[in-house]
Amino acid sequence: MYMKRSAGLISASIAPAVFFIAIHQDVPAYLDAGTGSIILQAVLGALVGALVAVKLFWGQIKSFFGRLFSRFKRNEETQDQQH
Amino acid sequence: MKKLKTSSIDPASFRDPSGFVFRQDGSIYRQINATYKEDYDHLIDCGLCKTLVEAGVLIRHEEVAFESARPEMAYKLVKPEPVPFISHPYEWSFSQLKDAALTTLHIQRKALDFGMSLKDCSAYNIQFMKGKPVFIDTLSFEKYREGKPWVAYRQFCQHFLAPLALMSHRDVRLGQLSRVHLDGIPLDLASRLLPFRTRFTFSLLFHIHLHAKSQSRYADRRIDTKRHKVGRLGLIGIVDSLQSALKKLRWHAGGTEWGEYYQDTNYSAEAFEHKRQIVAEFLDRVRPKNVWDIGANTGIFSRIASQRGIPTISFDIDPVAVERNYLECRQKGEIDILPLLLDLTNPSPSIGWANQERASLTDRGPADMVLALALVHHLAISNNVPLARIVEFLAGICHRLIIEFVPKSDSQVQRLLATREDIFSQYEQAAFERDFGQCFTIQHSARIRESERTLYLMEKRHP
């Protein structure tokens, strides 16, 4: 169950990365995007894209850590009882 | 199929090979070229066009079954909803430009949801219709290709973010730089003019300062775009970041000479009310199709026309007055009044390629009626324009005129003359009537009670 959840979270986290490495197709554009603007977008996009991903998957991230901590807590309690 | 006669192509419609705008029999049409077929079909089929039109942010259009004047290039012809008055971004107040920017970003955000992206973010693609900013270029959408950077990002920063940041952080008059820089304010210039403290704001640091540095560092260098991809989430993040940057930009329309005009006037309450009554009576006699109120201040007299359902442009030179006027329109949801910034002593000229891309004030006229209230003394005395020249200008921009004559004995004129020599021997009522009589027929005149001022209703003489 735990493994299943982690796999879900990992796939959710790498989803944005998949977008970054997706196949690129060139289409004719009449505006010059500008080399400097493209490079800035790539840097800024990676930064703010990660934030968007965190926002998007925030619920899942929160519940993952919530479960993780409650699991540790349960384990500690069990160990205390055994001692 | 009806065949179009020789049409006239809009002089501003030549950059985008996706199509062009032309005028035929008094209506505006847009040809969609075969090269844009795939994107246009996607815009319609994916539901983005319908969603944006229903939200009131994209101009409504209908496909028409004409045979194109250039059939070898044509895919379709569409007839967009007419825009009653084309205004230019440097004629907008701070909040008008900000609302136009936020509308553009809202459209880009929606487009990304529908698998499309804006390929053109010129501020000239926005027009104010029924009080709200509307995107008027149906051909500005392209299918989103995964990993492809936003081609119009630089243009958005130059057309919207840079002028708004300068107006907010430095001086509201810097919005006029857009009149010189037709493709938006260069980011290196914006970066130099902005205060140093703006480098500590994440969004301005990236979108303007580092953007400008990146442009200068990579100027004229070709790069392998495949190595610099921007994912869809990255693009959403950039749009969100621009949105939050814009929302943080504020400008307080404080007091200026004109913004406080009505608190600092020599009118009694009765004179003011009588003036309103006369203007209303003149408007009801003529019932003009549209009105330009030149020197409108915050639009008190413009609203006498707009509240009668007459489309009214409310021009003023003062950014504070125009801003207050627009905020009032927005707050009350007024649809028949458009406040715009205009210096009558130097009205918007024809600019752009071959001086034809963006029309001058006079090219966008004539108006059916002009209101020129408490204005002539400013033009004649503060700006030294002879009465005959004022007549000539007004005759070129309207068919009918409501105009107020303010004599030299009026305390407002005395104030203008307080610091200068009176060289205006010709400025008196008889000369005013004689000079205006050259081009106009004076139909009615009425003295404003408790004042020395007179209002005239005039009609332009036919040559």
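Line by line, the protein sequences give chains A and B.
Counting the first sequence from 1 gives a position; our numbering is that position plus 3.
Counting the second sequence from 1 gives a position; our numbering is that position plus 73.
Here a beta-carbon is modelled for each residue, glycine too, at the ideal position from N, C-alpha and C.
These figures come from a predicted structure and were not determined experimentally.
What do you get for residue i, buried or exposed, if any count of 16 or more other CB atoms within 10 angstroms of its CB means buried?
{"i": "Ser-9 (chain A)", "result": "Caution applies to Ser-9 (chain A), whose pLDDT of 42 falls short of 50 and renders its modelled position unreliable; the value that the coordinates give is listed next. By the neighbour-count rule (16 or more Cβ atoms within 10 Å), Ser-9 (chain A) is not buried but exposed."}
{"i": "Ile-24 (chain A)", "result": "Any reading at Ile-24 (chain A) must be qualified, since the residue scores a pLDDT of 37, below 50, and its modelled position is unreliable; no value is offered."}
{"i": "Lys-321 (chain B)", "result": "exposed"}
{"i": "Val-57 (chain A)", "result": "exposed"}
{"i": "Ile-91 (chain B)", "result": "Inspection of the sequence shows that residue 91 (chain B) is occupied by Ser rather than by Ile. Buried."}
{"i": "Trp-365 (chain B)", "result": "buried"}
{"i": "Tyr-529 (chain B)", "result": "buried"}
{"i": "Leu-71 (chain A)", "result": "exposed"}
{"i": "Ala-292 (chain B)", "result": "exposed"}
{"i": "Ser-287 (chain B)", "result": "buried"}
{"i": "Glu-80 (chain A)", "result": "exposed"}
{"i": "Ile-496 (chain B)", "result": "exposed"}
{"i": "Arg-360 (chain B)", "result": "exposed"}
{"i": "His-325 (chain B)", "result": "exposed"}
{"i": "Arg-297 (chain B)", "result": "Looking at the sequence provided, one finds Asp at residue 297 (chain B) rather than Arg. With fewer than 16 other Cβ atoms within 10 Å, it is exposed."}
{"i": "Phe-68 (chain A)", "result": "exposed"}
{"i": "Asn-106 (chain B)", "result": "buried"}
{"i": "Arg-473 (chain B)", "result": "buried"}
{"i": "Trp-61 (chain A)", "result": "exposed"}
{"i": "Pro-144 (chain B)", "result": "exposed"}
{"i": "Thr-418 (chain B)", "result": "exposed"}
{"i": "Glu-565 (chain B)", "result": "The displayed coordinates of chain B run from 74 to 536. Any statement about residue 565 (chain B) would go beyond what the structure contains."}
{"i": "Leu-306 (chain B)", "result": "buried"}
Which residues of chain B have a Cβ atom closer than 8 angstroms to the Cβ of residue i, listed in chain order?
{"i": "Ser-73 (chain A)", "result": "Neighbours of Ser-73 (chain A) on chain B: none; closest Cβ ~30 angstroms, over 8 angstroms."}
Give me the chain A residues within the contact set of residue i, using Cβ-Cβ distance strictly less than 9 angstroms, ordered along the chain.
{"i": "Gly-307 (chain B)", "result": "Pro-19, Phe-22, Phe-23, Gln-44, Ala-45, Leu-47, Gly-48, Ala-49, Leu-50, Val-51, Gly-52, Ala-53, Val-55"}
{"i": "Phe-279 (chain B)", "result": "Leu-43, Val-46, Leu-47, Leu-50, Val-51"}
Name the chain A residues whose beta carbon is nearer than 8 angstroms to that of residue i?
{"i": "Pro-84 (chain B)", "result": "The premise fails here: Pro-84 (chain B) is roughly 17 angstroms from chain A at the closest Cβ pair, so nothing lies under 8 angstroms."}
{"i": "His-284 (chain B)", "result": "Gly-39, Ser-40, Leu-43"}
{"i": "Ser-341 (chain B)", "result": "Those within 8 angstroms of Ser-341 (chain B) in chain A number zero; the least Cβ separation is about 57 angstroms."}
Can you name the residues of chain A whose CB is closer than 7 angstroms to the CB of residue i?
{"i": "Gly-310 (chain B)", "result": "Gly-48, Val-51, Gly-52, Leu-54, Val-55"}
{"i": "Trp-223 (chain B)", "result": "Gln-44"}
{"i": "Pro-90 (chain B)", "result": "Tyr-33"}
{"i": "Ser-314 (chain B)", "result": "Val-51"}
What does residue i touch in chain B if you count any residue whose Cβ is under 7 angstroms from its own?
{"i": "Gly-2 (chain A)", "result": "Because residue 2 (chain A) is not part of the residues shown, which for chain A are 4 to 86, the question remains open."}
Return the first residue and the last residue of the alpha helix (DSSP H) that residue i is part of.
{"i": "Leu-315 (chain B)", "result": "305-321"}
{"i": "Arg-376 (chain B)", "result": "375-379"}
{"i": "Gly-150 (chain A)", "result": "Missing from the structure shown is residue 150 (chain A); chain A here goes from 4 to 86 and no further."}
{"i": "Ile-515 (chain B)", "result": "No alpha helix (DSSP H) contains Ile-515 (chain B), which is instead part of the beta strand (DSSP E) from 513-520."}
{"i": "Phe-466 (chain B)", "result": "460-470"}
{"i": "Asn-398 (chain B)", "result": "392-405"}
{"i": "Arg-103 (chain B)", "result": "Looking at the DSSP string, Arg-103 (chain B) is not in any alpha helix (DSSP H); the run it does join, the beta strand (DSSP E), is 100-106."}
{"i": "Val-207 (chain B)", "result": "Here Val-207 (chain B) belongs to no alpha helix (DSSP H); instead the beta strand (DSSP E) covers 205-208."}
{"i": "Pro-236 (chain B)", "result": "235-242"}
{"i": "Asp-114 (chain B)", "result": "110-118"}
{"i": "Ser-251 (chain B)", "result": "250-253"}
Give the interface partners of residue i over in chain B, defined as CB-CB distance under 9 angstroms, in chain order.
{"i": "Ile-64 (chain A)", "result": "Correct list: empty, because the minimum Cβ distance to chain B is about 15 angstroms."}
What span of residues does the beta strand (DSSP E) with residue i cover, start to end?
{"i": "Thr-274 (chain B)", "result": "Run containing Thr-274 (chain B): none; DSSP gives neither H nor E here."}
{"i": "Phe-95 (chain B)", "result": "92-97"}
{"i": "Tyr-529 (chain B)", "result": "527-533"}
{"i": "Val-486 (chain B)", "result": "Note, Val-486 (chain B): premise wrong, no beta strand (DSSP E); alpha helix (DSSP H) at 484-490."}
{"i": "Asp-261 (chain B)", "result": "Here Asp-261 (chain B) belongs to no beta strand (DSSP E); instead the alpha helix (DSSP H) covers 260-266."}
{"i": "Val-14 (chain B)", "result": "Outside the displayed span of chain B (74 to 536) sits residue 14 (chain B), for which this structure offers no information."}
{"i": "Glu-135 (chain B)", "result": "134-137"}
{"i": "Leu-44 (chain B)", "result": "Nothing can be reported for residue 44 (chain B): it is not among the residues displayed for chain B, which extend from 74 to 536."}
Can you confirm whether the segment 456-465 of chain B touches the segment 395-408 of chain B when touching is taken to mean that 3 or more C-beta pairs between the two stretches lie within less than 8 angstroms? no
Could you list the residues in the segment 290-306 of chain B with a C-beta less than 9 angstroms from some C-beta on chain A, going in chain order? Arg-290, Tyr-291, Ala-292, Asp-293, Arg-294, Arg-295, Ile-296, Thr-298, Lys-299, Arg-300, His-301, Lys-302, Val-303, Gly-304, Arg-305, Leu-306
Contact between the segment 218-231 of chain B and the segment 124-131 of chain B: three or more CB pairs below 8 angstroms? no
Touch test, the segment 505-518 of chain B against the segment 462-469 of chain B, Cβ-Cβ under 8 angstroms, three pairs minimum: yes
Okay, do the segment 370-390 of chain B and the segment 433-446 of chain B touch, 3+ Cβ pairs below 8 angstroms being the bar? yes
Would you call the segment 306-322 of chain B and the segment 51-69 of chain A touching, i.e. three or more CB-CB distances under 8 angstroms? yes
Would the segment 270-282 of chain B count as touching the segment 344-354 of chain B if we require 3 or more Cβ pairs under 8 angstroms? no
Evaluate contact between the segment 205-212 of chain B and the segment 234-252 of chain B, counting only Cβ atoms and requiring at least three cross-stretch pairs below 8 angstroms. no
Decide yes or no for the touch test of the segment 277-285 of chain B against the segment 183-196 of chain B: beta carbon pairs closer than 8 angstroms, at least 3 of them. no
Can we say the segment 485-503 of chain B touches the segment 363-377 of chain B, given the rule of at least three CB pairs closer than 8 angstroms? no
Between the segment 228-243 of chain B and the segment 168-179 of chain B, do three or more beta carbon pairs fall short of 8 angstroms? yes
Taking contact to mean at least 3 C-beta pairs separated by less than 8 angstroms, is the segment 109-123 of chain B in contact with the segment 158-167 of chain B? no
Could you tell me whether the segment 418-433 of chain B touches the segment 392-403 of chain B, where touching means 3 or more Cβ pairs closer than 8 angstroms? no
Determine, using beta-carbon pairs with one atom in the segment 93-103 of chain B and one in the segment 144-154 of chain B, whether at least three such pairs fall under 8 angstroms. yes
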